[in-house]
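Beneath this line is the structure, given in structure tokens, with notes to follow.
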Amino acid sequence: MANLKEIKRKIKSVQNTQKTTRAMKLVSTAKLRKAEEVAKQSRVYAAKINEVLSEIAYKVNQYKSGNLESRFFQPIEQPSKIDIIFVTADKGLCGGFNVQTIKAVKNLLETHKAKKVKVRLRAVGRKGIEFFNFQGVELLKTYAGVSSAPSYEKAQEIIADAIDDFSNGVTDGVVLVHNGYMNMISQELKINDIVPVDPPAASSDAALSLMEFEPVGDEKILEELMKKYFEYNMYYALVDSLAAEHSARMQAMDSATKNAKERVEALNIAYNKARQESITTELIEIISGVESMK
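29 is the number of the first residue of the sequence shown in the numbering used here; add one for each residue after it.
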């Protein structure tokens, strides 16, 4: 009887867990629809502004077009110090979503360490902050509560210091790492070298374009474009990461719900077997008692 009570308690516990995971899946599915739409709209703009800046980088490096020589477009063969900005979630229960980003950052740290390049980390999201703090890795800047509610203003704040340091020669590069959204069932790790801006291959459409700079020597438009490029890449990383997070959590909760269902079925079988054994034992005891009274 004690065994039956224990199995019943386990069944109740797993059923409660199943209700929770099902509810979390439904919440993530609802949030994903909105986040997915924002990410898709942002992706188009981010891709276009990256294309334009890449084209400008090609013109500047190949032809010194418009006399616009900028550190943002000059390739640095042997950097001595770089900034890595990485985005993780503020919450867990999303499978390997955060682990993939953290692994990528660790690999970058090891790679640059082997090349004797100093790396400064700027962390966005509690999960990444908590991991590297636990590992004893120094974080230059931390931003918690941003990845779960991204805004353009926060993106401006995060990227501004890193770009200022690069512009002033403190660092030789800025790398942006995040786990991005592909579709409802998959995510894609993205590692983007924000600066210096990489020019396209000589055979690409951007390299063959007829872009010219006018008026010559006026860098104001370029400065505004560069500012928008940095800010929007950071903003896109935040919204793209949020959509991917909801997608990963939806999958994780779906798997957890299915596992809970299978566990309940297994416990029900165990309960029925234990109940059958208990009834059989009681019948044997009754029959034995009757036989002994004859």
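Cβ atoms here follow ideal geometry from the backbone N, Cα and C, with glycine treated the same way.
Quick caveat, the model's predicted, so the values are computed rather than measured.
By the neighbour-count criterion, in which 16 or more other beta carbons inside 10 Å mark a residue as buried, Gly-123 falls on the buried side. Shown here for Ser-214: not one same chain residue has a beta carbon closer than 6 Å to its own, the five before and five after excluded. Annotation for Ala-271: Ala-63, Glu-64, Ala-67 and Tyr-209 place their beta carbon closer than 6 Å to its own, counting only its chain and skipping 5 residues before and after. Here Thr-139 is exposed: its Cβ has fewer than 16 other Cβ atoms, across all protein chains shown, within 10 Å. When secondary structure is reduced to three states using DSSP, Ala-172 falls in the coil class, being assigned neither helix nor strand. CA-CA distance, Asp-189 to Ile-222, rounds to 14 Å. In its chain, beyond the 5 residues on either side, Leu-32 have a beta carbon closer than 8 Å to the beta carbon of Arg-303. By the neighbour-count definition (other C-beta atoms within 10 Å, threshold 16), Thr-199 is a buried residue. The beta carbons of Leu-204 and Ile-113 sit about 5 Å from each other, so the pair counts as a contact at 8 Å. Under the Cβ criterion (8 Å, minimum of three pairs), the segment 277-286 does not count as touching the segment 127-145. Assignment of beta-bridge partners to Gly-208 by DSSP yields Glu-216.
Ile-112 is bridged by DSSP to Leu-149 and Val-203.
Assignment of Val-198 by DSSP, reduced to helix, strand and coil, places it in the coil class. Per DSSP, Asp-118 lies in no alpha helix (DSSP H) segment and is marked neither H nor E. Of the candidates Ile-191, Arg-154 and Gln-163, the residue whose Cα lies closest to the Cα of Ser-176 is Arg-154. Beta-carbon to beta-carbon, Val-145 and Ile-110 are separated by about 6 Å, close enough to satisfy the 8 Å threshold.
DSSP places Ile-222 in the strand class (E or B) of the three-state scheme. Per DSSP, the continuous alpha helix (DSSP H) segment holding Gly-317 begins and ends at 248-321. Shown here, Leu-167 sits in coil according to DSSP, grouped into three states, outside any helix or strand.
Of the other Cβ atoms in all chains shown, 16 or more fall within 10 Å of the Cβ of Tyr-86; this residue is therefore buried. Counting the other Cβ atoms within 10 Å of the Cβ of Met-321 gives fewer than 16, which makes it exposed. For Phe-125, the enclosing alpha helix (DSSP H) has its first and last residue at 125-142.
Counting of Cβ neighbours within 10 angstroms places Ser-108 among the exposed residues, the total staying below 16.
In this structure the segment 178-187 lies against the segment 251-263, because at least three pairs of beta carbons, one per stretch, are closer than 8 Å.
Cβ-Cβ distances below 6 Å link Asn-44 to nothing in the same chain once the five nearest sequence neighbours on each side are left out. If you compare the alpha carbons of Ala-151, Gly-156 and Lys-47 with that of Asn-126, the shortest gap goes to Gly-156. The beta carbons of Ala-172 and Phe-160 sit about 13 Å from each other, so the pair does not count as a contact at 8 Å.
Just so you know, the alpha carbons of Leu-266 and Glu-290 end up roughly 36 Å apart.
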